[in-house]
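Asks: In the working numbering, the protein residues as written are 61 to 125.
Glycine included, C-beta positions come from ideal geometry on N, C-alpha and C.
From a predicted model like this one, the values you see are computed outputs, not experimental measurements.
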């Protein structure tokens, strides 16, 4: 009986490890996607600031507040 219980527990542990591995992989992929998205947004913001500075330098920007 103890041996059967130990085997049953081991099976559950292995299933849990597999599921945990899948979940960690999924989260890692999501974090990577979010990092790339953030980098893209940061680049867009930098481009907008550069454009604004160039336009302001040329005297073409009016502040709308």
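So for residue 100, helix, strand or coil by DSSP?
Replies: helix
Asks: If you draw a straight line from the alpha carbon of residue 107 to that of residue 100, how long is it in whole angstroms?
Replies: Taking the straight line joining both Cα atoms gives about 11 Å.
Asks: DSSP three-state call for residue 118: helix, strand or coil?
Replies: coil
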